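So for the sequence shown, our numbering puts the first residue at 141; every next one is plus one.
Positions of the beta carbon are idealized from the N, C-alpha and C atoms, including for glycine.
Fair warning: this is a prediction, and the values are worked out from it, not measured in the lab.
What follows is a short report on a single structure.
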Amino acid sequence: MDKMAYSINGENAHYGTPNNPCAPGRVPGGCAVAVAASLADFALGTNTGGSVRVPAAYCGIFGLRPSHGVVSAENIVPMAQMFDTVGWFARDLATLPRVSDVLLPPVSTDTADAELRQPSCVIIPADCFRILGSSDDDHTYEILNACAAKVFGGRQASLS
Numbered sequence: 141m142d143k144m145a146y147s148i149n150g151e152n153a154h155y156g157t158p159n160n161p162c163a164p165g166r167v168p169g170g171c172a173v174a175v176a177a178s179l180a181d182f183a184l185g186t187n188t189g190g191s192v193r194v195p196a197a198y199c200g201i202f203g204l205r206p207s208h209g210v211v212s213a214e215n216i217v218p219m220a221q222m223f224d225t226v227g228w229f230a231r232d233l234a235t236l237p238r239v240s241d242v243l244l245p246p247v248s249t250d251t252a253d254a255e256l257r258q259p260s261c262v263i264i265p266a267d268c269f270r271i272l273g274s275s276d277d278d279h280t281y282e283i284l285n286a287c288a289a290k291v292f293g294g295r296q297a298s299l300s
């Protein structure tokens, strides 16, 4: 990894830069190399500014960055505590949920908890359709609204 973990390139002037197994001659992206080279089934990393997702993409493997604070960051050297997030790399999709089962807290099956997580409304920003080039005769909003109603139990999305 880079000196002091201050980059997502994986270049290290002191100990040498490892080869990128996916694209020899290109920057490797840090500890994703060990997984891409089959030296490890998975690896942990901290994702403050992309340091899990970008190296995974550099090496052609999968990187998962969970929401901030879901996995304990205790005993890691902080870079930006409001953004530091523990994530992981894997060569195949089957390994990601296996690591998730160990690191992530169990999902509650209590129906009361599930109801608390349901949003009270879904807001769809109208300008996002204009930015994407949607016209008045495009039915994207109606389709999206029907999907939101189906997913959230009949609640209609509001257009802002």
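**Asked** When every heavy atom of the ligand NAP is checked, does at least one fall within less than 8 Å of the C-beta of PHE223?
**Response** Although the ligand NAP was asked about, the structure shown includes no ligands whatsoever.
**Asked** Apart from the five residues on each side of it in sequence, which residues of its chain come closer than 7 Å, Cβ to Cβ, to LEU184?
**Response** VAL226, TRP228
**Prompt:** What runs of the beta strand (DSSP E), each 3 residues or longer, lie entirely inside the stretch 185-259?
**Reply:** 202-204, 226-230
**Prompt:** Around the Cβ of VAL242, are there at least 16 other Cβ atoms within 10 angstroms (buried) or fewer (exposed)?
**Reply:** exposed
**Request:** Check whether the Cβ atoms of ILE271 and ALA288 sit closer than 9 Å, and answer yes or no.
**Result:** no
**Item:** Backbone CA spacing between ALA220 and CYS199 [nearest angstrom]
**Value:** 25 Å
**Buried/exposed call for ASN215, threshold 16 Cβ in 10 Å** = exposed
**Request:** Would you kindly work out how many angstroms separate the C-alpha atoms of SER260 and ASN285, rounded to a whole number?
**Result:** C-alpha of SER260 to C-alpha of ASN285: approximately 15 Å in a straight line.
**Request:** Express the C-alpha separation of ASP267 and ALA174 in angstroms, rounding to a whole number.
**Result:** 43 Å
**Request:** In the DSSP assignment, find the unbroken alpha helix (DSSP H) run with ASN285 in it and report its ends.
**Result:** Here the alpha helix (DSSP H) through ASN285 covers 280-291.
**Request:** Just tell me which of PRO246, VAL247, ILE201 has its CA closest to the CA of ALA234.
**Result:** ILE201
**Status (buried if at least 16 other CB within 10 Å, exposed otherwise) for VAL291** = Residue environment analysis places VAL291 among the exposed positions, since fewer than 16 neighbouring C-beta atoms fall within 10 angstroms of its C-beta.
**Message:** Considering only the alpha carbon of each residue, which of VAL167, ALA153, PRO158, HIS208 lies closest to GLY309?
**Reply:** The structure shown does not extend to residue 309, since the chain is modelled only from 141 to 300, so the question has no answer here.
**Prompt:** For the alpha helix (DSSP H) that contains VAL173, what are its first and last residues?
**Reply:** 172-176
**Prompt:** My guess is that PRO195 and ILE148 are in contact by the Cβ rule of under 8 Å, so how many angstroms apart are they, rounded?
**Reply:** 6 Å
**Asked** Thinking C-beta only, is ASN187 closer than 9 Å to ASP224?
**Response** yes
**Prompt:** Hey, how far is the Cα of VAL192 from the Cα of CYS171?
**Reply:** 9 Å
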